[in-house]
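Participant: Supplied in structure tokens, the structure appears directly below.
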Amino acid sequence: MIFEEEEMDDKDEYFRQLYALNDSSDEEEDTNNAREILKQSSRPPSSSFSVSSHSFSARRSQPSKTLGNISAIHRTTSAPASSTSVVRETPLLTRKSSKLRYDISTPEMNQTFSASTPPTLSSIPAPAPQRSVSTSELDTGPKLNMVPSAGINAMLSKPDERKKRKRKETPVILVPERERIFAGKTIFFIPPNDKHSVREARITNAMKYGATWTKKWTPDITHIIVDKEYKFEQIMGMLKPLMKTDSIPQNIILVNDKYTVDCIRDKILVDETQSRYIIRRDVPVTEEQEIRQPAEPRKALRIQRRKSKKDQDTPDDHTQRSEASTQSQHPQDQPDSSPGVWLPTTNAEPPVIVESPRERSPMLDVALGEGSELDTAIAEIMRFGDLPLDDDDDEEERPSSSEGNTDPDHDGSSEEDLRPRRRTKKRKKFQKQGDANSAAYVCMTGGTGITDETNPNRHTIQILEKMSKYYGRMSDTWRELSYRKACGTLRKQGVWICTFDQAFELPFIGERIATKIEEIAITGHLRRLDNAELEPEDHLLKLFLGIYNVGPVEASKFIRAGYKTLDDLRTKARLTKCQQIGLDHYDDFATRIPRDQMTALGEIVKAMAKPIDPDVNPIIGGSYRRGAKDSGDIDFIFTKPGTTHAHDLHYFLSSLVSRLTSTGFLTCALATPSHRRDDDSGSKWHGACVLPGNPIWRRIDFLLVPESEIGAALIYFTGDDIFNRSMRLLASRKNMRLNQRGLYKDLMRGPGRLKLNEGELVEGSDEKRIFEILGVPWKKPENRICH
DNA sequence: AGGCAGCGCAC
DNA sequence: GTGCGC
DNA sequence: GCCT
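Its first residue numbered 1, the first sequence is counted upward by one per residue in the working numbering.
Pasting the structure below:
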């Protein structure tokens, strides 16, 4: 590797090597887009291989490697142990290292070293051997931190290239004193120079926040920040000669380059023991090991995955699969007929496959499980299958649908051969439904009334939902969405979907998810999920995200700050008012509300509303309106005949809230209507309530809706979520816009889909009319369950 | 290769 | 403007 | 992740 051949006779040479290493580095971590950083940092490593960088690989027991656990990687422990492992594992590196150590630790070398670098030493006024550097010395500030001595530069720089780039002594401007999170800290960067622009920025930033940067090994060092491409073994090789010991002193924090970035962003010294700051080891961990790591006991079912790894996101390669699904035009596809991916084990439960996927369409399945009304709706869709569902501007969409589906009976066209998978897939997905429009929008078919208890795919759904939630935690919005949509599709199926081909046919299930569905069907597990939920940080994330008003961003901050428990948050974290309440009633808000209690809550509110204004009509929306047996919270919509603005109902709301508060029913407010005059917003109230005799706080929302918007609002607040988004997407495709206020047409969008005008209100008050106009068959609320 | 719904409220 | 919730 |  990098230390390769060269003999290093002196430290110059030694650092030259460092530079060489360094030159390969590059990154863009210093961007401060919080979202991006969060994503990068908290998203699970996309390939199972890269997972190895953190806790997983560390945790796996590797008899031959001594690093048994995470803590071994941290500064506080085990440097000796790891060093021995280095010796064993990487002889070359070790040889170099020890040579280095020998060379560098010779007395004269040390002399040269310190002689040439007095400024660094002198820059610390009180070279207190004790780590307690007072902040006052730090206040002597910027220049103290900078001024690398000529001597050191000479030594550290590759003379030629470095010269010009030599930064003009741009004084580091310190942030206000109280923000200097690194005050009193002396940081040693590896490589120990600012040659790379990104590292330079990192160093400068650290100094802005009070750090002292040292290029030389001094006893004052509190932190070692290592560029991410350095492996632990390399670092130890470099440091041992400097430290003259085999392990890093316990009081020195050794972390990778994410550390300062996080600290600065969060304005706090984050917990350095988190896995994301661990320096990677050079321990090779193979993909195979990685994959089955958590599933040791289940080896029997192990999969025989091919090695093609072009797909960085998961080890799954669907190519064969896809071809299989294309080629197998035989109606009798076996569940395990797909080549090579699974080792079909005999103990895999024989799926109760009703029939070949080719002969059964999703729509038929839906119909089987459907009540009469939706039956009708579906029949309607199918009847209109080849006809325009809408009377208007559908032209652009039609071609695609006719192309894919002009005549289902002629599907063997030569064109198919050119793009086998896509064509096949597309056509399959659309042919039964007839119209591309209907296939693409969940709202067209809605839910089925197949309950979770009886759904043949309930187990698969459960697992995929967990995947969805996992991705949600990771702020991977779109994967989360995809999995939820896939669940929605699955929920509508009347038969157990247990093969790739079956699954792949269905809308919103692509190669990746189809593969996973098959894995679940065969093994009962999803390794990806098993892995994911083992991540230590995932627990915390789950915990913190349970707090009302704490989302992925805040939760990640908490984690980076090192908080481990809700109590940590109570005592240490700064929380907003709402978050405080959410924390105080963590368990309350996490408790589902049984339907009968929902009804009881409803009665209380309605009884209170009546005397205030008998004309106001309270409606319980949300999952209650969809007929759910329990709900997470309760939503009220208040509307009144003749009203056209939410504002018209303000008086009602304030009166209602104050009365309910005085009776003790409402226990707190979380969000109250804003009172901007110029705009008729100010329509929602969020808070908490209790049922008399029951101490559990419940989340409750009030919504003011003018009669003119009640239809749209009902759609909105009845949901579910997927159904709504689907409706809106459909509207948008028709150059219309659907929101909680109404359905608008002739919406014009400019470049960058900027809204050019509001569009003309088509319908707002009549729920059914909105369905109609959008060409969506009417669905009762209970049939809008799509996920 | 780009989109994925759109808005109100707190901070 | 961001974060969050719906 | 899926879809266009």
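Glycine residues also receive a C-beta, built at the ideal position from the N, C-alpha and C atoms.
1) Measure the beta-carbon distance from residue 443 to residue 726 and round it to whole angstroms, keeping in mind my assumption that it falls under 8 Å.
2) Return the CA-CA distance between residue 546 and residue 217, expressed in angstroms with no decimal places.
3) Count the other C-beta atoms from every protein chain shown that fall within 10 angstroms of the C-beta of residue 759, then say buried if there are 16 or more, exposed otherwise.
4) Strictly by DSSP, which residues pair up with residue 760?
5) When the distance is taken between beta carbons, is residue 490 closer than 8 Å to residue 464?
6) Going by the CB atoms, is the gap between residue 620 and residue 638 shorter than 8 Å?
7) What would DSSP say about residue 738, mapped onto helix, strand or coil?
8) Assign residue 190 to one of three DSSP states: helix, strand, or coil.
9) With a cut-off of 8 Å on the beta carbons, I'd call residue 276 and residue 232 a contact; round off their distance for me.
10) When DSSP labels each residue in this structure, what does residue 258 get in the three-state scheme?
11) List the endpoints of the continuous beta strand (DSSP E) containing residue 700.
12) Can you tell me where the alpha helix (DSSP H) holding residue 682 begins and where it ends?
13) If we count the other Cβ atoms within 10 Å of its Cβ and call it buried at 16 or more, is residue 551 buried or exposed?
14) Please classify residue 722 as buried or exposed, where buried requires at least 16 neighbouring CB atoms within 10 angstroms.
15) With a Cβ-Cβ cutoff of 8 Å, do residue 698 and residue 690 count as a contact?
16) So the alpha helix (DSSP H) residue 572 belongs to, where does it begin and stop?
17) Buried or exposed for residue 664, going by 16 or more other Cβ atoms inside 10 Å?
18) Is the Cβ-Cβ distance between residue 529 and residue 467 less than 8 Å?
19) On the DSSP bridge list, what partners appear for residue 617?
20) How many Å lie between residue 589 and residue 583 at the Cα?
21) Does DSSP classify residue 266 as helix, strand or coil?
22) Use the C-beta contact count for residue 278: other C-beta atoms within 10 angstroms, 16 or more gives buried, fewer gives exposed.
23) Quick check: what's the CA-CA separation for residue 594 versus residue 252?
24) Tell me where the alpha helix (DSSP H) around residue 691 begins and ends.
25) For residue 585, count the other beta carbons within 10 Å of its own beta carbon; 16 or more makes it buried, fewer makes it exposed. Which is it?
26) Within the same chain, show all residues whose beta-carbon is closer than 6 Å to that of residue 544, passing over the 5 residues directly before and after it, in chain order.
27) How about the segment 507-518 and the segment 453-464: do they share at least three Cβ pairs that are nearer than 8 Å?
28) Taking C-alpha atoms, which residue in 469, 608 and 484 lies nearest to residue 652?
29) By Cβ distance below 7 Å, which residues in the same chain neighbour residue 657 in space, the five residues on each side in sequence not counted?
30) Please classify residue 670: does DSSP put it in a helix, a strand, or coil?
31) Evaluate the contact criterion for the segment 769-779 versus the segment 475-482: three or more CB pairs, one atom per stretch, below 8 Å.
32) Return yes when the Cβ of residue 787 is within less than 8 Å of the Cβ of residue 789, no when it is not.
33) Look up residue 212 in the DSSP assignment and say whether it is helix, strand or coil.
34) Assign residue 674 to buried or exposed, taking buried as 16 or more other Cβ atoms, counted over all protein chains shown, within 10 Å of its Cβ.
35) Measure how close the beta-carbons of residue 194 and residue 203 come, nearest whole angstrom, since I'm counting them as under 8 Å.
36) If distances are taken between C-alpha atoms only, which option among 457, 227, 568 and 189 comes closest to residue 214?
Facilitator: Straight from the coordinates:
1) Your numbering for residue 443 matches position 443 in the first sequence. Your numbering for residue 726 matches position 726 in the first sequence. Rounded, the Cβ-Cβ distance is 4 Å, consistent with contact.
2) Counting from one through the first sequence, the residue named residue 546 turns up at place 546. Counting from one through the first sequence, the residue named residue 217 turns up at place 217. Between the alpha carbons of residue 546 and residue 217 lies a gap of roughly 45 Å.
3) As a working mapping, residue 759 is identified with position 759 in the first sequence. Residue 759 comes out buried.
4) Residue numbering aside, residue 760 sits at position 760 when the first sequence is read from its first letter. The partner list for residue 760 (beta bridge, DSSP) reads 745.
5) Here residue 464 refers to the residue found at position 464 of the first sequence. Here residue 490 refers to the residue found at position 490 of the first sequence. The answer is yes: Cβ separation under 8 Å.
6) Indexing the first sequence from 1 puts residue 638 at position 638. Indexing the first sequence from 1 puts residue 620 at position 620. Taking 8 Å as the Cβ cut-off, residue 638 and residue 620 do not qualify as a contacting pair.
7) For the purposes of this step, residue 738 is identified with residue 738 of the first sequence, where counting begins at 1. Strand at residue 738.
8) Stepping through the first sequence from its first residue, residue 190 is reached at position 190. In this structure, residue 190 counts as strand in the three-state DSSP scheme.
9) Translated into the one-based positions of the first sequence, residue 276 becomes position 276. Translated into the one-based positions of the first sequence, residue 232 becomes position 232. In fact, because the Cβ distance is near 15 Å, the residues do not count as touching under 8 Å.
10) What you label residue 258 is simply residue 258 of the first sequence in a count that begins at 1. Helix.
11) For the purposes of this step, residue 700 is taken as the residue at position 700 of the first sequence. Element bounds for residue 700: 698-706.
12) Along the first sequence, one-based indexing puts residue 682 at 682. That residue, residue 682, is in no alpha helix (DSSP H); it is neither H nor E in DSSP.
13) As a working note, residue 551 is residue 551 in the first sequence. The residue is exposed, with fewer than 16 neighbouring Cβ atoms inside 10 Å.
14) Counting from 1 along the first sequence, the entry for residue 722 is found at position 722. Residue 722 sits buried, since 16 or more C-beta atoms from the chains shown fall within 10 Å of its C-beta.
15) Residue mapping note: residue 698 aligns to position 698 of the first sequence, counting from 1. Residue mapping note: residue 690 aligns to position 690 of the first sequence, counting from 1. Contact: yes.
16) The residue given as residue 572 occupies position 572 in the first sequence. 566-572 is the span of the alpha helix (DSSP H), which, as asked, contains residue 572.
17) Along the first sequence, one-based indexing puts residue 664 at 664. Classification of residue 664: exposed, given that the 10 Å Cβ count is below 16.
18) Here residue 529 corresponds to residue number 529 of the first sequence, with the count starting at 1. Here residue 467 corresponds to residue number 467 of the first sequence, with the count starting at 1. The answer is yes: Cβ separation under 8 Å.
19) Along the first sequence, one-based indexing puts residue 617 at 617. Partner(s): 639.
20) Here residue 589 is taken as the residue at index 589 of the first sequence, counted from 1. Here residue 583 is taken as the residue at index 583 of the first sequence, counted from 1. Roughly 9 Å separates the two Cα atoms.
21) Position 266 of the first sequence, counted from the first residue, corresponds to residue 266. Looking at residue 266 - three-state DSSP - the assignment turns out to be helix.
22) As a first step, residue 278 is located in the first sequence; it is residue number 278 there, counting from the start. Buried, by the Cβ-count rule.
23) In the first sequence, the residue the question calls residue 594 occupies position 594. In the first sequence, the residue the question calls residue 252 occupies position 252. Their backbone Cα atoms lie some 54 Å apart in a straight line.
24) By one-based count along the first sequence, residue 691 stands at place 691. Counting along the chain, residue 691 falls outside any alpha helix (DSSP H), and DSSP gives it neither H nor E.
25) Working through the first sequence from its first residue, we reach residue 585 at position 585. That one is buried.
26) The residue labelled residue 544 in the question sits at position 544 within the first sequence. The answer, listed in chain order, is 550, 555 and 558.
27) yes
28) By one-based count along the first sequence, residue 652 stands at place 652. Answer by Cα proximity: 608.
29) Mapped onto the first sequence, residue 657 falls at position 657. Excluding sequence neighbours, residue 657 sits near 666 and 685.
30) Looking up residue 670 in the first sequence gives position 670. If DSSP states are grouped into helix, strand and coil, residue 670 belongs with the strands.
31) Because the criterion of three Cβ pairs below 8 Å is not met, the segment 769-779 and the segment 475-482 do not touch.
32) Absent from the model: residue 789. The displayed extent of the chain is 1 to 787, so no value can be given.
33) If you number the first sequence from 1, residue 212 lands on position 212. The answer is strand: DSSP assigns residue 212 an E or B state.
34) Counting from 1 along the first sequence, the entry for residue 674 is found at position 674. The residue is exposed, with fewer than 16 neighbouring Cβ atoms inside 10 Å.
35) For the purposes of this step, residue 194 is identified with residue 194 of the first sequence, where counting begins at 1. For the purposes of this step, residue 203 is identified with residue 203 of the first sequence, where counting begins at 1. Residue 203 and residue 194 do touch by the CB rule: their CB atoms are close to 5 Å apart, below 8 Å.
36) Residue numbering aside, residue 214 sits at position 214 when the first sequence is read from its first letter. Nearest C-alpha to residue 214: 189.
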